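To convert, note that position 148 of the sequence shown is 159 in my numbering; the numbers rise steadily by one, no gaps.
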Amino acid sequence: MQLKSIILLLKIYRQYIENEERYKRAYIWESQQVFVQKWDINAVDMKAMYLASLDNSRSRRLWNRENFEPRKVMAEILGHQPDYGRMLFSDLLNEERDLTGRLHRFVYGCNELFSDYLDSHAGSRLQSHFHTDNFEMAFLYLAFRYPEKYSFYHPESFKYFLEETKARDIPEGNDPDRFVKVVNMVNVWMQKEPSLWEIHLKRLNPSTDYMNKNLLWVYDFFLYVHEKNISVQSLLTT
């Protein structure tokens, strides 16, 4: 990856968060705060705890949008098999185990739980559990549980960022370990950008949003660059 490209993209991102009247993804830090306050793997009622942990007063877009309802389906699964579900999340969030192995076991376990749920609910109209091997939901749980180590994973935005920064050997599929490595490296450079963190915090509400160090802003950075189709080459030639 070219450092000069990362720094250039950060300058553009800085302009965005300085001038954007309403930080359109600020709601994700409210979700982070709610999760930190509510998540308890030992809760008696696993389903109720899960639903309380994934809540937001401003937006539910992280888990409820067109043809995407992972929160709803996982809650049903946890109501059906709470102990198995607890074991599944305990394994995913166990930092003593290999990340890639945890992710694949989590997806496999979700497949098994969903299949068992459908067998027991013949009239169910649920078509998917949405916890797939693109790892979007798995990384959401990881980022909420360990905010200084993980960020949300959006494969298309991550790949676009790698391409624009001239990274070598861009993976064709998902490479969780590389994603985590890149996110943490980019976070270091974001922290070095003068006053960028302070500008970010001004967009948040201290009474509702997570204000401690976290890597969710790296996700916002990647997503912004991708959404705007920002071309480093074009920036260098203007």
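The C-beta atom is built at its ideal place from N, Cα and C for all residues, glycine as well. Since we're looking at a predicted model, the values are computed, not measured.
Would you mind reading off the limits of the alpha helix (DSSP H) that contains serine 242?
Per DSSP, serine 242 belongs to no alpha helix (DSSP H) and is neither H nor E.
With respect to the alpha helix (DSSP H) encompassing glutamate 31, which residues constitute its N-terminal and C-terminal limits?
Looking at the DSSP string, glutamate 31 is not in any alpha helix (DSSP H), and its letter there is neither H nor E.
Going by DSSP, name the residue or residues bridged to arginine 76.
Phe79
For threonine 219, name the three-state secondary structure that DSSP assigns.
coil
Alpha helix (DSSP H) containing methionine 98: first to last residue?
93-103
Could you give the first and the last residue of the continuous alpha helix (DSSP H) run that contains serine 3?
Only positions 12 to 249 of the chain appear in the structure, and residue 3 is not among them; the question remains open.
In chain order, which continuous runs of the alpha helix (DSSP H) of length 4 or greater are located wholly inside the stretch 143-206?
The stretch 143-206 contains these whole alpha helix (DSSP H) runs: 147-156, 166-175, 187-203.
Out of Val197, Met201, Trp228, which has the shortest C-alpha to C-alpha gap to arginine 214?
Trp228
Can you tell me which of Thr143, Glu41, Pro81 puts its alpha carbon nearest to the alpha carbon of proline 166?
Thr143
Check whether the Cβ atoms of serine 16 and valine 243 lie closer than 7 angstroms to each other.
It is a contact, given that the beta carbons lie within the stated cut-off.
When the distance is taken between beta carbons, is aspartate 180 closer than 7 angstroms to tryptophan 40?
no
To the nearest angstrom, report how far apart lysine 170 and valine 194 are at their CA atoms.
12 angstroms
Along the alpha helix (DSSP H) that carries asparagine 122, what are the first and last residues, could you check?
110-131
Note down, in chain order, each residue of its chain lying with its Cβ closer than 8 angstroms to the Cβ of arginine 25, except the 5 sequence neighbours on either side.
Glu204, Leu207, Ile210
Using three-state DSSP, classify glycine 134 as helix, strand or coil.
Looking at glycine 134 - three-state DSSP - the assignment turns out to be coil, as it is neither helix nor strand.
Starting from the C-beta of histidine 140, find all residues in its chain whose C-beta is less than 8 angstroms away, skip the five residues before and the five after it, and write them out in chain order.
Same-chain partners within the cutoff: Pro81, Val84, Met85, Ile88, Cys121, Asn122, Leu124, Phe125.
Classify threonine 111 as buried or exposed, calling it buried when 16 or more other Cβ atoms lie within 10 Å of its own Cβ.
exposed
So the candidates are Pro187, Glu175, Pro182; which of them puts its Cα closest to the Cα of leucine 21?
Glu175
For tryptophan 50, tell me which candidate among Arg97, Arg76, Glu159, Met196 has the shortest Cα-Cα distance.
Arg97
Where do the N-terminal and C-terminal ends of the alpha helix (DSSP H) with alanine 54 fall, by residue?
Unbroken run through alanine 54: none, as it is neither H nor E.
For glutamine 92, which residues from the same chain have a beta carbon less than 7 angstroms from its beta carbon, with the 5 sequence-adjacent residues on both sides left out?
Leu124, Asp127
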